[in-house]
Each structure stands twice: as C-alpha cells, then as structure tokens.
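Engineer: One structure is given below, represented as structure tokens, and several questions about it will come after.
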Amino acid sequence: MPPSKKSGVLRSVVRGMGSYLPERCVTNHDLEAMVETTDDWIVQRTGIRQRHVAAEGETTSMLGTKAAQAALADAQLTAADIDLIIVATSTPDYTFPATATQIQAALGITHGVAFDLQAVCSGFVFAVATADKFLRSGSHKRALVIGAETFSRILDWQDRTTCVLFGDGAGAMVLEAQTNAGTLADRGVITSHLRSDGRHRAKLYVDGGPSSTQTVGHLRMEGKEVFRHAVGMVTDVIKDAYAASGATSDMLDWFVPHQANKRIIDASAEKLGISPSKVVTTVHLHGNTSAASIPLALTVAREDGRIKTGDLVMIEAMGGGFTWGSALIRW
C-alpha cells in the first residue's frame, strides 16, 4: 500500500546507487591508432582520457540490469520491493519492447510498471523527475531509475570529432516514497525543472530511425554550437531550482553535472558561483555516457565517501533535442 500523506508530504528519497561499466577500456592512445587524433587534442578540448565500450553481444539492458542489481544491494532491498522502473536511454536493445521491460524480466519482477524515457543526455534527470511525480502521487512506493547506454553502437568510428567523445555504461538509483515535513532540510528530491526546444535538432542528432531511414544511423554533432548553448541552458534550470527551493550555490554540498565536456562543466560551475571543490567530475574516466553519466558520477562520489546522507546535491544535464533539466536532491 502507498504510504499515508496525513503526517506530512511525500518525498522521493534516495535509498541506493549502483553502476556498471563494460570490461573493455579504450584509452585516447588506443584511438590514435584508429583515427587521426591525439591524446593531447582530446584531453585539451574535452578532459576525456578513456571510455568503456560494450563487448559484442553486450546490450543496454544487460548493462542496466547489472547497475540495478548493484543499486538494490546498496539499498538493502530486493527486486520484489520495486514497483516502478524507468530507463533513460537513447540506445535501446530493440525498437520495442522497452529496454525497461527487459530489465524488469531479468530482475524477476512481474508486478508494477516499466517503461523507457528518451531525452538523450538529459534522460536521467528527466527520469528522476518523472519517477518523483509517481512516488509523490502515492501511486507507487519504490522506483528503480536507470540510465543505460551503448553509444558505441551509434558512433561513426571514422568521424574523429565524435567517436572520441562517447562511452558505454549504466547507473541506477533506488528512490522510495517517504513522508516528511517537506522542508529544504528534509531528505529527497526537492525540486526538478525540465526544458526542451526542438528547433535545435540539427545540432545534435542521429541520422537514422525506423520512420525516416529504416536504419539505426550514426550520431552527428555540431560541437561548437552545442557548447555555445550548453552553459546558458543548464544554468537557467539551476537558477529555477534555487528560486523554487530557496537554495543557493553556497548551500550546495555537491554539483553533479552531465559528464560531456570538462570545459562545459567548469564554465557552468563558474557562472553559478559553485566552488570547484564541490564539482564531481568523472568525464576523464568514462567519457560522455549520455543518460548514464550522472548516475555513474553519483555512484563514484558515493563510494569514495564524498556524498553523504544529508548532503544537498544538484544534478543537471543537457542533451540532443535540445533537452535540459535540473534536480535538487537532499541525500
């Protein structure tokens, strides 16, 4: 039964985090043998030093399942405790059914609901916001929110401007509806803000799809244009979060942005007045893993002891579409 709302308000509280990275690690030096690029060029422009690539036959749902199992173990829960699964991905196993249903089956869950959400690199933030709506409504009790990607499958490995940027991986968060007073000091998702603007499609997209070309296609990007829009867009939704919650940059314990490019991360933090010491950066280890990047970064910061219970954490992302969003979470 859903929890009672009588004694306060429902918040979506983080119970656990987990992640999974494919075994194969591809360094910048490995890429030097594949395309015309150098380690110095990649590091200087992006901060990326390595990325993980899924093995042949290793699918997005397989990565997501392993991340989900790790998150459940961290939460000290079982699959039977979950009644909502939302998977953020742009690289599903199939056109249909949803990758979320494949993870649901792999976990042995036969109740509740599972579905995919597509907002590219903003997907995990969108998925957290969506799960939060379900949990706050009282319709569901516990959610698995997963970001999982195999972007290596949609890269043009001859395009040195894009193939060096992306990697594969998955991260998962367990959210649980809990009743509290509803103040900024209480644990849970405090506020979320989402935006989209479809006029920017040509700046970052995949040149294929069932309805258009009947092919999967490859990722195409106008890097300078994406960079030009990114900082302004992500800072706007963070300012919206501050206005809605009463929080400020000084009050944040951790800023966990989408891990696309270190220059974008640094510029966004500087514009918002967030100290570099509060910024969680994993782009050098994982590359851009799209919807998986934020939960991967959160898991790293949880496991190394940075993010602790009670910390105020801001997550934000921007992705193709354009889509962008933020979520403020008291851990």
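Residue numbers are given in the working numbering: position 84 of the sequence shown equals residue 286, and the series is strictly consecutive. We put the CB at the ideal spot given by N, CA and C, even for glycine.
#1: Report the rounded CA-to-CA distance for P205 versus A302, giving the unit in angstroms.
#2: State the Cα-Cα distance for the pair F353 and A321, rounded to the nearest angstrom.
#3: With a floor of 4 residues, list each alpha helix (DSSP H) that falls wholly inside the stretch 262–315, ordered by position along the chain.
#4: If you measure between the beta carbons of A345 and E378, is that distance less than 9 Å?
#5: Measuring alpha carbon to alpha carbon, tell me which of R213, Q461, K473, R251 ends up nearest T450.
#6: Check C227 in the structure and name its three-state DSSP category.
#7: Name the one or two DSSP bridge partners that L319 has.
#8: Buried or exposed, going by whether 16 or more other CB atoms sit within 10 Å of the CB of D506?
#9: If you follow the alpha helix (DSSP H) that L487 is in, where does it begin and where does it stop?
#10: Decide if T339 is buried, meaning its Cβ has at least 16 other Cβ atoms within 10 Å, or exposed.
#11: Below 8 Å, can you find three or more Cβ-Cβ pairs linking the stretch 383–398 to the stretch 300–317?
#12: What's the call for H254, buried or exposed, on a 16-neighbour Cβ count within 10 Å?
#13: Starting from T525, trace the beta strand (DSSP E) in both directions and tell me its first and last residue.
#14: Excluding the 5 residues preceding and the 5 following A471 in the sequence, name in chain order all residues of the same chain whose CB lies nearer than 7 Å to its CB.
#15: Excluding the 5 residues flanking K207 on each side, which residues of the same chain have their C-beta closer than 8 Å to its C-beta?
#16: Roughly how many angstroms separate the alpha carbons of D513 and V216, rounded to a whole number?
#17: Run through DSSP, which three-state label would G400 get?
#18: Do the stretch 453–467 and the stretch 482–496 meet, that is, are 3 or more Cβ pairs less than 8 Å apart?
#19: Kindly give me the distance between the Cβ atoms of G349 and A494, rounded to whole angstroms, as I take these residues to be in contact under 8 Å.
#20: Taking Cβ positions, are T262 and P294 nearer each other than 9 Å?
#21: If you drop the 5 nearest sequence neighbours on each side, which residues of the same chain put their C-beta closer than 6 Å to that of L406?
#22: Rounded to whole angstroms, what is the Cα-Cα separation between D452 and I476?
#23: Taking the alpha carbon of K510 as the point to measure from, which residue in G210, V211, G218, S214 has its own alpha carbon closest?
#24: Since A290 contacts F336 with CB under 8 Å, what's their CB separation in whole angstroms?
#25: For M516, which three-state DSSP category applies?
#26: Could you tell me the alpha carbon to alpha carbon distance between T501 and G325, rounded to whole angstroms?
#27: Assuming N230 and L367 are in contact, meaning their beta carbons sit under 8 Å apart, how far apart are those beta carbons, in whole angstroms?
#28: Under three-state DSSP, which class holds M236?
#29: Span of the beta strand (DSSP E) holding R422?
#30: Looking only at its chain, what residues have a beta carbon closer than 7 Å to the beta carbon of A469, apart from the 5 residues adjacent to it on each side?
Structural biologist: If we stick to the structure as given:
#1: For this step, residue 205 is matched to residue 3 along the sequence shown. For this step, residue 302 is matched to residue 100 along the sequence shown. Caution is warranted here: a pLDDT of 46 is assigned to P205, below 50, making its placement in the model unreliable, and no coordinate value can be reported.
#2: Locating residue 353 in the sequence shown gives position 151, where the first residue counts as 1. Locating residue 321 in the sequence shown gives position 119, where the first residue counts as 1. Between F353 and A321, the C-alpha separation is close to 14 Å.
#3: If we require 4 residues or more, the alpha helix (DSSP H) runs fully inside the stretch 262–315 come out as 262–277, 301–309.
#4: By one-based count along the sequence shown, residue 345 stands at place 143. By one-based count along the sequence shown, residue 378 stands at place 176. Yes, they are a contact pair.
#5: Here residue 450 is taken as the residue at index 248 of the sequence shown, counted from 1. Cα-wise, what sits closest to T450 is K473.
#6: Along the sequence shown, read from residue 1 onward, the residue named residue 227 stands at position 25. DSSP places C227 in strand when its eight states are reduced to three.
#7: As a position in the sequence shown, residue 319 is number 117, starting the count at 1. Per the DSSP secondary-structure output, L319 pairs in a beta bridge with A290.
#8: Residue mapping note: residue 506 aligns to position 304 of the sequence shown, counting from 1. With fewer than 16 other CB atoms across the displayed protein chains lying within 10 angstroms of its CB, D506 is exposed.
#9: Working through the sequence shown from its first residue, we reach residue 487 at position 285. Per DSSP, the continuous alpha helix (DSSP H) segment holding L487 begins and ends at 485–488.
#10: Counting from 1 along the sequence shown, the entry for residue 339 is found at position 137. Rather than Thr, the amino acid found at residue 339 in this sequence is Ser. By the Cβ neighbour-count rule, S339 is exposed, with fewer than 16 other Cβ atoms within 10 Å of its own.
#11: These segments do not touch.
#12: Counting from 1 along the sequence shown, the entry for residue 254 is found at position 52. Within a 10 Å sphere around the beta-carbon of H254 sit 16 or more other beta-carbons, which makes this residue buried.
#13: What you label residue 525 is simply residue 323 of the sequence shown in a count that begins at 1. For T525, the enclosing beta strand (DSSP E) stretches over residues 525–532.
#14: For the purposes of this step, residue 471 is identified with residue 269 of the sequence shown, where counting begins at 1. Cβ within range, chain order: F457, P478, V481.
#15: As a working mapping, residue 207 is identified with position 5 in the sequence shown. Legend: pLDDT at K207 = 44, less than 50; position of this residue unreliable, value from coordinates given subsequently. So the list reads G340, T381, once near-sequence residues are dropped.
#16: Working through the sequence shown from its first residue, we reach residue 513 at position 311. Working through the sequence shown from its first residue, we reach residue 216 at position 14. Spanning the two alpha carbons is a distance of roughly 12 Å.
#17: Sequence index remark: in the sequence shown, residue 400 carries index 198 (1-based). Residue state, collapsed to three classes: helix.
#18: The stretch 453–467, when compared against the stretch 482–496, does touch it at the 8 Å Cβ threshold.
#19: Translated into the one-based positions of the sequence shown, residue 349 becomes position 147. Translated into the one-based positions of the sequence shown, residue 494 becomes position 292. Separation of the CB atoms of G349 and A494 is rounded to 4 Å, and the pair is thereby assigned contact status at 8 Å.
#20: The residue you call residue 262 lines up with position 60 of the sequence shown. The residue you call residue 294 lines up with position 92 of the sequence shown. A Cβ-Cβ contact shorter than 9 Å links T262 with P294.
#21: One-based indexing of the sequence shown puts residue 406 at position 204. Within the same chain, Cβ atoms closer than 6 Å to the Cβ of L406 are found at M423, V428, G522, the five residues on either side in sequence being excluded.
#22: Position 250 of the sequence shown, counted from the first residue, corresponds to residue 452. Position 274 of the sequence shown, counted from the first residue, corresponds to residue 476. Straight-line Cα distance between these residues: approximately 7 Å.
#23: For this step, residue 510 is matched to residue 308 along the sequence shown. Looking at the Cα atoms, G218 is the closest of the given residues.
#24: The count along the sequence shown starts at 1 and reaches residue 290 at position 88. The count along the sequence shown starts at 1 and reaches residue 336 at position 134. Not confirmed; about 15 Å, so no contact.
#25: By 1-based counting over the sequence shown, the position of residue 516 is 314. Collapsing the DSSP output to three states places M516 in a strand.
#26: Start at 1 with the first residue of the sequence shown, and residue 501 comes out as number 299. Start at 1 with the first residue of the sequence shown, and residue 325 comes out as number 123. Between T501 and G325, the C-alpha separation is close to 17 Å.
#27: Along the sequence shown, read from residue 1 onward, the residue named residue 230 stands at position 28. Along the sequence shown, read from residue 1 onward, the residue named residue 367 stands at position 165. In this structure N230 is not in contact with L367, their Cβ atoms being roughly 11 Å apart against a cut-off of 8 Å.
#28: The residue given as residue 236 occupies position 34 in the sequence shown. Of the three classes helix, strand and coil, the one that applies to M236 here is coil, per DSSP.
#29: Along the sequence shown, one-based indexing puts residue 422 at 220. Taken as a continuous stretch (DSSP letters only), the beta strand (DSSP E) holding R422 covers 421–423.
#30: Locating residue 469 in the sequence shown gives position 267, counting from the first residue. Correct list, in chain order: V433.
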